[in-house]
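UniProt numbering numbers the first residue of the sequence shown as 1 and each following residue consecutively. All residues carry an ideal CB built from backbone N, CA and C; glycine is no exception. Everything below concerns the one structure shown next.
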Amino acid sequence: MKLEEEKDERKNDQTEKKNISQRMKKLCSILNSAIIDINELKNILWGGISDEMAFDVRAKCWKLALGYLPLNREDTDKVLKKKRDEYENLKKEYYYNKSKLSEEELKILRQIKVDIPRTKSCYNIFNNKKIQQLSEQVLFIYSVRHPASGYVQGINDLVTPFLVVFLRPIVLKKEINSDDIDRISDDELRNVESDLYFCLSKLLEQIQDNYTFGQPGIQRAIIKVKEIVKRIDNSLFNHIYENNIDFIQFSFRWVNCLLLREFPINISVRLLDTYISDIGDIFTDFHPYICAVFLVHWSKYLKEMDFQQMLLFMQRFPTHNWKIQDIESILSEAFVLKNAFQSSPKHFS
């Protein structure tokens, strides 16, 4: 019996690898087309980019899906130059001329300086002064140009996966250290900074009400997470409630940082493949389901814990050994739930 199960598992693995290979071949064909089929690209991106692909493939896909790169490949160099020149002008206007900053803007800048070295990164790249400076400029310029939301602690954690994905094609390594950063030319770092600014801005603009006064987007998402958990695992919901734990105590961070702090960087990058592929509605419609399924994944452990044990466990879920298949399982289950629940509008009543 066990032998048969192992055979079935190997067969499933081979089928999955074949499917991934076919998807990646199709993606390469899309990227090599004169005009990019953005819908087809986003469909493939939703299912994730294989780690076996060249480092620049994911970076290109993210930039295209976020509308940073043009769909006409002939226009790429022209558009990139225009965007990068625009960003250099923004730095001159908002960052270099600090004498014109208001007290509130200076306060924001000080907070960003404090937060950046604390940013979670498996590779410790935020210990590098060049990365600290680059990130500081991006976050500050974004906050000044988006005064309704400004800068909120947690936004700095969204920088990490973008930086890693945009740096890998330059250093040609999966795991990046501070020495690798020091070997990158100033021009290359300036390009990374510009790309980071525009792509991060596009992402943040979709979830801006997470960061405006009162953070209404986060409040709505937490309520939805709570309702989904109650529906799919009522015993876990009751256990949390009976131990006087409010969902906001653990799920605020999940919504604020898009769950990225809960995983190793490669899992966070894979998660962003899906987020970026459908950036319009995914955070309001899909992200709460991912959060709920992630919580329920640990249900059997949490039900054995008391108040203190649960809070400690939730501060650092044991995901350090997670593989891509683990997060894809969460995404698949969340997708099935979302479709099932949304086809029955009264499921939350």
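Sub-7 Å separation of residue i and residue j beta-carbons
i: residue 337; j: residue 289; result: yes
i: residue 218; j: residue 255; result: yes
i: residue 396; j: residue 162; result: Nothing about residue 396 can be read from this structure; the chain reaches only from 1 to 349.
i: residue 112; j: residue 136; result: yes
i: residue 51; j: residue 169; result: no
i: residue 296; j: residue 222; result: no
i: residue 357; j: residue 149; result: Residue 357 is absent from the structure shown; the chain starts at 1 and stops at 349.
i: residue 322; j: residue 265; result: no
i: residue 36; j: residue 80; result: no
Residue i versus residue j: straight-line alpha-carbon distance, rounded
i: residue 316; j: residue 138; result: 28 Å
i: residue 282; j: residue 156; result: 20 Å
i: residue 262; j: residue 327; result: 11 Å
i: residue 272; j: residue 87; result: 24 Å
i: residue 96; j: residue 110; result: 15 Å
i: residue 340; j: residue 333; result: 11 Å
i: residue 45; j: residue 180; result: 28 Å
i: residue 213; j: residue 193; result: 28 Å
i: residue 23; j: residue 53; result: 11 Å
Cβ shell of residue i (< 7 Å), same chain only, five flanking positions each side left out
i: residue 132; result: 116, 117, 126
i: residue 165; result: 58, 59, 62, 269
Own chain, CB closer than 8 Å to residue i, minus 5 neighbours either side, in chain order
i: residue 42; result: 65, 277, 278
i: residue 311; result: 245, 249, 250
i: residue 335; result: 286, 289
Opening and closing residue of the alpha helix (DSSP H) in which residue i lies
i: residue 70; result: Residue 70 -> no alpha helix (DSSP H), and no H or E assigned at all.
i: residue 328; result: 324–342
i: residue 247; result: Element bounds for residue 247: n/a, residue is neither H nor E.
i: residue 87; result: 76–90
i: residue 228; result: 216–232
i: residue 288; result: 287–297
i: residue 283; result: Note, residue 283: premise wrong, no alpha helix (DSSP H); not H, not E.
Residues of its chain near residue i, where Cβ-Cβ distance is below 6 Å and the 5 sequence neighbours each way are ignored
i: residue 142; result: 201
i: residue 314; result: 250
Cβ of residue i within 7 Å of any chain D Cβ
i: residue 65; result: Considering every chain present, this structure includes no chain D. It has just one protein chain.
| field | 4-residue-minimum alpha helix (DSSP H) runs that sit fully inside the region 102–136, ordered along the chain | value | Fully enclosed alpha helix (DSSP H) runs of 4 or longer: 103–115.
| query | Curious, which full-length alpha helix (DSSP H) runs of at least 4 residues does the region 128–199 contain? | reply | As far as the region 128–199 is concerned, its whole alpha helix (DSSP H) runs of at least 4 residues are 129–145, 159–171, 178–182.
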